[in-house]
Structure formats: C-alpha cells, structure tokens
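For the sequence shown, this note's numbering gives the first residue as 1, with consecutive numbering after it. Note sheet for the following structure.
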Amino acid sequence: MISMSTHELGVYPEKYEKWVQVRDRSKVFLRPIKPTDVSLWVELYNSLSSMSKYYRFFSSHREPSQKMIKQYIEIDYVNNFAIVAIAEENGRERMVGVARYILDPPPDEAELAIVIADDWQNRGLGTKMLLHIVEIMIKRKIKKIHGDIFLENRKMLQLIHESGFDQIKKDDAYGVRHFKLKLQ
C-alpha cells in the first residue's frame with residue numbers, strides 16, 4: 001500500500017480537478033470519480049460499442065452488474081483511483097472517459113486502464129487523461145505502471161507507444177500485450 005495518511009482514504013481530492021481542451025477545441029472537465037457518478041458511469045458503459053467494452057473490460061456484457069458498478073465507482077482515492085472526463089452535451093453532463101489505477105505490490109507500481117466513449121475517440125482525450133493520471137501517480141510516488149492491451153486495440157497500443165515513458169517490459173502472448181512503463 002502507498003504511504004499516505006489514513007485521513008486521505010475516502011476523501012475526495014478536489015486538487016486533481018482540471019479543465020482540458022481536446023483537438024476539436026471541446027472543453028472537458030477532468031476530476032476524480034465520485035460515489036454519485038453511478039448513473040453517468042452506467043450511461044458511459046452502455047454507450048460503448050461491444051468492441052470498446054471488450055478492449056477495456058475483456059468482456060462485452062450488455063449491462064453492467066451491480067457488483068461491477070460498485071467495483072468501478074466505490075474507490076478509496078489512494079489504492080484505487082479514477083479520473084473521469086465530463087463533457088457538457090445538450091445542456092447536461094456526460095461522462096466520456098475514465099482513467100484509473102489500482103496499486104499492485106510492490107507499493108510503487110500500479111495497473112492502469114483507460115476507456116473513452118466511442119464518439120470521443122481520436123480527439124486526444126485519451127492522451128490528456130493519461131498525462132493527468134500519470135501526473136497524479138508521480139506526485140504519489142508511483143514509479144511504474146503496467147497493463148494489458150489486446151493486440152488488435154491499435155489506438156491504445158499507439159497511445160502507450162507515444163506516451164514518451166520508458167517501456168521497460170513488453171510481452172505479447174495469447175493476443176494480449178502486457179506493458180510496463182517507468183514513470184520516474
């Protein structure tokens with residue numbers, strides 16, 4: 001576990017909120033996920049194509065289970081952390097992306113995952129979210145990130161390749177690339 005005081009567990013970290021602009025000049029609000037984001041998260045999940053669900057969740061269930069919703073919404077902001085991208089569309093908020101990490105042993109390494117709504121892909125939002133969550137991870141003394149990407153998920157492979165971080169491990173097996181990046 002990361003060495004942070006226990007009073008930080010479960011406390012919403014407002015300091016990680018920020019506005020970003022994507023390639024088409026749309027503005028998106030990046031902020032930590034909140035327990036009240038259930039309906040926005042479910043809407044994002046349900047809007048994903050079967051392929052996007054498969055790439056991110058390694059399955060393409062039509063509807064998320066209550067257990068799955070709880071797993072992705074109820075986080076402690078220290079060992080399990082997520083940034084969401086909120087856009088305003090038709091006068092209402094819409095969650096259009098999620099970047100998350102979960103700490104793994106050793107305590108300075110985390111698993112990373114990102115999902116972007118299909119209609120928001122290719123706008124640079126994934127890059128903005130990756131850079132923001134990595135900035136947070138570096139502040140929290142996390143030194144390495146890792147994850148698994150299907151080899152046919154060219155967009156995510158390109159994002160990781162172009163991230164600028166030192167790739168210290170890359171294994172391809174069973175149609176999946178396991179990557180490990182050094183942050184510091």
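Yeah, the Cβ is synthetic: ideal placement off N, Cα and C, and Gly gets one too. Keep in mind the model is a prediction, meaning the values are calculated, not measured.
- Task: Counting only the same chain and skipping the five closest in sequence on each side, list residues whose C-beta sits under 7 Å from that of residue 110.
- Result: 101, 102, 103, 104, 137, 142 and 145
- Can you list, in chain order, the residues of its chain whose CB lies under 7 Å from that of residue 190, leaving out five sequence neighbours each side? The structure shown does not extend to residue 190, since the chain is modelled only from 1 to 184, so the question has no answer here.
- Per-residue DSSP class, three states only, for residue 69: helix
- Query: Taking C-beta to C-beta, are residue 41 and residue 95 nearer than 9 Å?
  - Reply: yes
- Query: Given 8 Å as the limit, is there contact between the stretch 147-160 and the stretch 170-178, that is, 3 or more CB pairs closer than that?
  - Reply: yes
- Query: To which residues does DSSP link residue 38 through a beta bridge?
  - Reply: Paired residue(s): none; residue 38 is not in a bridge.
- Under 9 Å between the Cβ atoms of residue 127 and residue 157? no
- alpha helix (DSSP H) containing residue 135: first to last residue? 125-139
- Query: Assuming residue 37 contacts residue 84 under a Cβ cut-off of 8 Å, what Cβ separation, rounded to an integer in Å, is found between them?
  - Reply: 7 Å
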